[in-house]
Structures are given as structure tokens and as C-alpha cells.
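Participant: The opening position of the sequence shown corresponds to residue 106 in the numbering used here, with each subsequent residue numbered one higher. Structure in C-alpha cells, see below.
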Amino acid sequence: MQKLRVNIIAVPIIIFLLIIGSSMVNADATATFVMNVYMFIAKYFGALIQLICIIFLIGVIYLAFSHVGKIKFGGRDAKPELSTWAYWTIALCAGIGTGIMFWGPIEPLYFSFAPPQGITLTPGSPEAIQFAMNKSFMHWAFTPYALYALCGLSIAYAIYNLKMPNSVSSGMTLLYGKKFLKSRYKDVVDSFALIAICSGLAGALANGLLQLGAGIEIISGIPSGPIVWIVLAASITIIYTISSISGLQKGIKFLSDKNAWIFIAFVAIVIIAGPTKYIIDLTVQSFAHYTNDFISASVFTSPGNTDLWPEWWDTFYLADWLSFSPLIGLFLARISYGRTVREFVLINLIAPAMFGILWFGSFGGFVLDLQLSGKFDMFGYMTTEGFDGVMLKVAEFLPLGQIIQPIIIITIMLSYVTMADSMTSSISLMSLKDSRVKEAPIGIKVFWGSLMGILAIIFVTAGGLDGVKTLLAISGLPILFIMVFLFIGIFKRLVIDKNYSLDEVVPSKEIGIKEEV
Numbered sequence: 106m107q108k109l110r111v112n113i114i115a116v117p118i119i120i121f122l123l124i125i126g127s128s129m130v131n132a133d134a135t136a137t138f139v140m141n142v143y144m145f146i147a148k149y150f151g152a153l154i155q156l157i158c159i160i161f162l163i164g165v166i167y168l169a170f171s172h173v174g175k176i177k178f179g180g181r182d183a184k185p186e187l188s189t190w191a192y193w194t195i196a197l198c199a200g201i202g203t204g205i206m207f208w209g210p211i212e213p214l215y216f217s218f219a220p221p222q223g224i225t226l227t228p229g230s231p232e233a234i235q236f237a238m239n240k241s242f243m244h245w246a247f248t249p250y251a252l253y254a255l256c257g258l259s260i261a262y263a264i265y266n267l268k269m270p271n272s273v274s275s276g277m278t279l280l281y282g283k284k285f286l287k288s289r290y291k292d293v294v295d296s297f298a299l300i301a302i303c304s305g306l307a308g309a310l311a312n313g314l315l316q317l318g319a320g321i322e323i324i325s326g327i328p329s330g331p332i333v334w335i336v337l338a339a340s341i342t343i344i345y346t347i348s349s350i351s352g353l354q355k356g357i358k359f360l361s362d363k364n365a366w367i368f369i370a371f372v373a374i375v376i377i378a379g380p381t382k383y384i385i386d387l388t389v390q391s392f393a394h395y396t397n398d399f400i401s402a403s404v405f406t407s408p409g410n411t412d413l414w415p416e417w418w419d420t421f422y423l424a425d426w427l428s429f430s431p432l433i434g435l436f437l438a439r440i441s442y443g444r445t446v447r448e449f450v451l452i453n454l455i456a457p458a459m460f461g462i463l464w465f466g467s468f469g470g471f472v473l474d475l476q477l478s479g480k481f482d483m484f485g486y487m488t489t490e491g492f493d494g495v496m497l498k499v500a501e502f503l504p505l506g507q508i509i510q511p512i513i514i515i516t517i518m519l520s521y522v523t524m525a526d527s528m529t530s531s532i533s534l535m536s537l538k539d540s541r542v543k544e545a546p547i548g549i550k551v552f553w554g555s556l557m558g559i560l561a562i563i564f565v566t567a568g569g570l571d572g573v574k575t576l577l578a579i580s581g582l583p584i585l586f587i588m589v590f591l592f593i594g595i596f597k598r599l600v601i602d603k604n605y606s607l608d609e610v611v612p613s614k615e616i617g618i619k620e621e622v
């Protein structure tokens, strides 16, 4: 216990105990209260969130291709610990989780045939399809990875070039100096990061349990319910905890490699076995529209309309990504020793974003063709049967669909395991008073891994899932302001003041960090 930052560990645990207790007493009232808080944030801060996230993306890309792009984390002589392939696969899988496996075929079709009130589009029209593809790309491509990259860049520079601890709060030293780590605000920053990622991991696993349960029911006929969820949660928790214990070079690296190859195989099968020309044409045209209309695609507030589409889609997604950003950024920083700023952005932002575009273009084109050609009413299926089994239904229209279906279930599990593995490692490191070690003790990894699994089971069985998902989105607002400080700090230090050296680990000119030299 003497090695742990008990004060920041206690905060998320107390909050979740309150949510769990409140949900058991009155789940509906708890979910309503949390949802009302989120709606207040979404209504009055949604436009600000969308606008600032665009600025983050533009700023990060500028850093990569400016003179700052040559800076290497750890100094000129630092050598990367991972191959470029391993570096990319870990970055891809740590940031995606189960998301693209779930939403890949859903968003393009659903948005095409159920457009929001804020636009006058005929459902299923070419214009509606273009709107749907733009939104899918906005939700899953450059913007979310830019948020991860911003946090990762700031923290990596602080850790490797300024010799700061492995924590989110270290990134704040770029603006405030080392004195920030001696202030009470350090624990505030790290506590918000832990609250966000705990709710994110538990909520993602709970969502994954519902999806996996539905998949098992479709394939085997075993009814989805608490027993199935508990067995799945226990299995997943054991796997990602063991993987996290095995360390970066074994567990995470191995799982990410296999996960990435499965993703690539799925995309190839869909493009080759599906309507190849339609998928290619739709993806290329949609990407061109997305880049040409990037600002309008990224800022959609639908003023005066009552369906709250932007609040429940665009703003909710951004709040979700913001909540994950500090801990994913911390993890990306951890694996980026020896990489330049330019390499960091290319591999952690550009490459996975382009893969996301290919993924949504492929699966979106496949399901849209099924719908428009009359082969199958996939939109009707998803609106009557729900979203959970859509990906498995898509597999029925692919060659060897009965073989692909169980692979999809395994991939969903593997995707969550890969993300949870990386996050468990990051949380465990940040929980230590001395976070400069490469790996946290096994005990703390087991603690966090088990806690996430237990929380997920409670949320999915006690009816508190909506509450915890919305709590994740609520935590995105304070994280947004933390990231504004990170953004200002890295630009002030590296772009405005040019306070860095390509040769030295600790810069020769200091801004309030005299103690480092």
C-alpha cells in the first residue's frame, strides 16, 4: 500500500460504489439523473466540444509536418523498442477496442435510412448515403485518433525528454513546469483520467457481453442472460489480466498482431466477396467528400431541431473519445520511445484513421448494397432485432459464413482483450507513486483487471449500463479542458518558444523546470 497513490485510486472506486448502490435501489432514477447531467453538457457545450476537437486535429497534424516533427522521444540517439508493424498494430487495436466490429456495418446503413431532422434528405438517397459515410468517417477516423495523439505527444515528450513520471499529469508540465507535479492539481488530473477510463473499460466490456451473448444465442441457441454474461466476463477478464501481467513485449504485442491480421482478413473478404466495384467507388468518393467537407462534417449542431441527433451521436462520440484519450495517450507514449513526433503522428493517427475509413467503406458498402439491391432488408432487421447481432447477420451473406460467425465472436473478445490489456497496464503504472518503472507489480494489475470485470458484470446485470455509459460521456468535459492545457503547453514550448534541442534529452533552455537539469 505504501507504493500506491491511494488517494487517486479511491476516487473512481467510491464513485462506482455510489453508482452501483444507487442503481440497485432505483436503476431508472439513477440513469435518468446521469442522463440529465449529460444532456445539459451536450446542449450547452456540444458546439464547443466539436469545434475544439477540430482544432486539436489540425494542430497535431501541423506538429507532425513542421520543424517539431524531427524531435525524437528520448533524444537523438534513442532507439525504438518495437518494429514499425508492431507499433502500428498496438496503436490500432488499443484505440479501437470492440467499436469497429460493432458499428462497421451499422452506422453507414442506419444513418442513410434514418437521417436526422437537421437535414432535408430522402432516406436511402445518394445524398443521404453520402451524409452517412461522412458521419461514419468523422466518428471513427481522424478525429478520435487526433485526440489520442495529442495526449500521447504531450505525455511522451514529458516522460522521455523531460524525465517526468509515467502519468497523465506529467503532460501538464509542458505549460506549468515541474512545480505542477507538486501541486494538488496533479491528483485532480490523474483522478479524472482514472474515472473516465474505468467507466470506459467497464462500459465497453458490458456492451461487449451483450453483443457476445447475442452472438452465442444466434449460433448455438443458448439464451443470452446473466449466466452467459458472467462466464464470458470471467473468461475475458482472466485473459486480459494474464496478458497484462506478461508485459508489453509478450501479451499486448502478440494479441495486437493477431487482432490486426484478422481485421485485415475481414476487410479483404468483404471487398472480394462483396460488390467490389460498388465498395471501392463508394469508399473513394466518400473519402473525397469527407476531406472536402471536413469542417461541415465535423460541426453539426442541427439548431432548432428536437430529435437531439447531434447530442446523441456526434457529441456523445467525441465525449467518449475524449474520456479514453488520457489513458490511451499514456499507453501510446509508453511504446513510443525512440520515435519522432512525425513518426508518432503518422503511425498513431494517419495510418489507423485510413484503416478506419477502409473498414467503414467496406462494410458500409456491403450492407448498403444488400439493402439497395433488395437482397436483404438489413435496415428492417436492425430496427426490429436490434444492433447486437448485425455483424453476425452480415456474415451469413459471405462465403463460409458459418465459419466466419464464430471467428467474429472470437475477434470481438480479442478486440476487447487487446484494448483492456493496454489500459490495465497504463492504469496500473499511474497508480504507483514511483511510476518510472517499465511494468507495474503483478498484484496491482490483477486488482485493476479484476475490478473492471466485476464492474462490467454488475452493470450489465443490475441495469446500470446506461448510467455508466453516460458517466463516461460526462467525464469527457473535464478531460476536454485538461487537453486544452496540454495543447497550449506543447505548442507554447515547441512551436512558439522553440524550447527544445534535437541532441539533448532535457532541453538547455528551461521554462520553470530548473530542477530537471
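Note that CB positions come from ideal geometry on N, CA and C, so glycine has one too.
#1: Is the CB-CB distance between Pro431 and Ala301 below 8 Å?
#2: Which residue spans inside the region 361-448 form an unbroken alpha helix (DSSP H) run of at least 4?
#3: Taking the alpha carbon of Met640 as the reference point, which residue from Ile154, Thr203, Ala251 has its own alpha carbon closest?
#4: Can you list, in chain order, the stretches of the beta strand (DSSP E) that have 3 or more residues and sit fully within the region 523-584?
#5: Since Ser304 is in the alpha helix (DSSP H), which residue starts that stretch and which ends it?
#6: Please report how far the alpha carbon of Phe297 lies from the alpha carbon of Thr488, in whole angstroms.
#7: Does the beta-carbon of Met206 have 16 or more other beta-carbons within 10 angstroms, so that it is buried, or is it exposed?
#8: Of the residues Leu109, Ile113, Phe145, which one's Cα is nearest the Cα of Ala578?
#9: Specify the secondary structure class of Leu267 as computed by DSSP and reduced to three states.
#10: What residues in its chain sit with their C-beta under 8 Å from that of Leu519, if we drop five residues either side in the sequence?
#11: Report the option in Lys597, Leu497, Pro504 whose CA atom is closest to the CA atom of Ile211.
#12: Look at the Cβ atom of Gly434, then the Cβ atom of Ile157, and state whether they are nearer than 8 Å.
#13: For the putative contact between Leu473 and Phe481, defined by C-beta atoms under 8 Å, what is the C-beta separation to the nearest angstrom?
#14: Is DSSP giving Lys177 helix, strand or coil here?
#15: Go through its chain and collect everything with a Cβ distance to Asn410's Cβ below 6 Å, but skip five positions before and after it.
#16: Thinking Pro185 and Gly443 are a contact (beta carbons under 8 Å), I'd like their distance in whole angstroms, please.
#17: Could you tell me which whole alpha helix (DSSP H) segments of length 4 or greater appear in the region 463-495?
#18: If I follow the unbroken alpha helix (DSSP H) through Asn604, where does it start and stop?
#19: Would you say Cys303 faces chain C, with C-beta separation under 8 Å as the test?
#20: Go through its chain and collect everything with a Cβ distance to Lys108's Cβ below 8 Å, but skip five positions before and after it.
#21: Please return the same chain residues whose Cβ sits closer than 6 Å to the Cβ of Ala424, not counting the five positions on each side in sequence.
#22: DSSP state of Leu503, grouped into three classes?
#23: Roughly how many angstroms lie between the CA atoms of Lys614 and Leu599, to the nearest whole one?
#24: From Ile118 to Gly313, what distance separates their C-alpha atoms?
#25: Is DSSP giving Leu258 helix, strand or coil here?
#26: How long is the line joining the alpha carbons of Tyr262 and Tyr149, rounded to whole angstroms?
#27: Skipping 5 residues on each side, what residues in its chain have a beta carbon closer than 6 Å to that of Glu490?
#28: Using CA atoms only, rank isn't needed, just tell me which of Leu306, Phe552, Gly180 is closest to Ala199.
#29: Quick check: what's the CA-CA separation for Met557 versus Glu232?
#30: Out of Lys550, Val542, Lys597, Thr420, which one is the CA nearest neighbour of Ile154?
#31: Under 6 Å Cβ to Cβ from Met140, same chain only, skipping five residues before and after it: list those, please.
#32: Am I right that Ala309 and Thr406 are in contact with their C-beta atoms under 8 Å? What's the rounded C-beta distance?
#33: Would you give the residue range spanned by the alpha helix (DSSP H) that Pro228 belongs to?
#34: For Leu437, tell me which candidate among Phe596, Leu187, Ile462, Asp412 has the shortest Cα-Cα distance.
#35: I believe Gly461 touches Ala246 by the beta-carbon criterion, under 8 Å. Please report the beta-carbon distance rounded to the nearest angstrom.
#36: Can you give the beta carbon distance from Phe592 to Gly164, rounded, assuming they're within the 8 Å contact cut?
Facilitator: Here's the rundown:
#1: yes
#2: 381-397, 399-403, 414-417, 419-439
#3: For the chain, the structure presents residues 106 to 622; residue 640 sits outside this window and is missing.
#4: none
#5: 290-325
#6: 36 Å
#7: buried
#8: Phe145
#9: coil
#10: Leu360, Lys363, Asn364, Ile367
#11: Leu497
#12: no
#13: Between Phe481 and Leu473 the Cβ distance is about 11 Å, and since that is not below 8 Å, they are no contact.
#14: strand
#15: Gln222, Gly223
#16: 4 Å
#17: 483-490
#18: Looking at the DSSP string, Asn604 is not in any alpha helix (DSSP H), and its letter there is neither H nor E.
#19: The structure shown has no chain C; it contains just one protein chain.
#20: Leu537, Lys538, Asp539, Pro546
#21: Ala578, Gly581
#22: coil
#23: With a pLDDT of 46 at Lys614, under the threshold of 50, the modelled position of that residue is not reliable, and no figure is offered here.
#24: 22 Å
#25: helix
#26: 34 Å
#27: none
#28: Leu306
#29: 42 Å
#30: Thr420
#31: Thr575
#32: Going by Cβ atoms, the distance from Ala309 to Thr406 rounds to 27 Å, so no, they are not a contact pair.
#33: It is not in any alpha helix (DSSP H) - Pro228 carries neither H nor E in the DSSP assignment.
#34: Leu187
#35: 4 Å
#36: 6 Å
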